[in-house]
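In the working numbering, the protein residues as written are 1 to 109.
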């Protein structure tokens with residue numbers, strides 16, 4: 001799980017975008033046998049496939065826009081607080097501060 005924006009988040013979003021591009025590139029090969037088997041005029045290069053390609057391109061662009069918005073937008077993970085990321089260091093710091101306050105109170109009283 002990615003808990004903050006940073007290099008790991010950027011790599012993950014780049015992987016999603018490249019995956020969308022790879023799936024779009026492979027879609028023609030996946031659909032071609034179906035169009036050839038359907039008996040449509042022109043087969044995998046006919047008008048129906050051209051229309052499908054246009055729709056796939058539109059969908060790929062829309063999906064890329066969504067991924068970009070997700071990567072940069074409010075849905076990206078917000079970093080956890082310092083004390084949540086470093087509970088031991090926080091506990092030690094609080095113990096030291098508590099001891100210092102106790103020592104200061106003792107010298108005042």
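Note that beta-carbon positions come from the ideal geometry of N, C-alpha and C, so glycine has one too.
Alpha-carbon spacing of residue i relative to residue j, whole angstroms
| i | j | result |
| --- | --- | --- |
| residue 93 | residue 106 | 20 Å |
| residue 52 | residue 80 | 44 Å |
| residue 82 | residue 58 | 42 Å |
| residue 87 | residue 96 | 14 Å |
| residue 98 | residue 90 | 12 Å |
| residue 38 | residue 22 | 25 Å |
| residue 100 | residue 108 | 12 Å |
| residue 36 | residue 45 | 9 Å |
| residue 33 | residue 84 | 54 Å |
| residue 104 | residue 78 | 38 Å |
| residue 11 | residue 18 | 10 Å |
Cβ neighbour criterion (16 or more within 10 Å) applied to residue i
| i | result |
| --- | --- |
| residue 49 | buried |
Within 8 Å, strictly: CB atoms of residue i and residue j
| i | j | result |
| --- | --- | --- |
| residue 30 | residue 64 | no |
| residue 60 | residue 24 | yes |
| residue 115 | residue 67 | With the chain covering only 1 through 109, there is no way to say anything about residue 115. |
Of the listed residues the options, nearest to residue i (C-alpha basis)
| i | options | result |
| --- | --- | --- |
| residue 9 | 27, 84, 71 and 100 | 71 |
| residue 16 | 32, 102, 69 and 34 | 69 |
C-beta neighbour in chain C for residue i, strict 8 Å
| i | result |
| --- | --- |
| residue 52 | The structure shown contains no chain C; it is built from a single protein chain. |
Cβ-based neighbour list, residue i, same chain, cut-off 7 Å, excluding 5 preceding and 5 following
| i | result |
| --- | --- |
| residue 27 | 56 |
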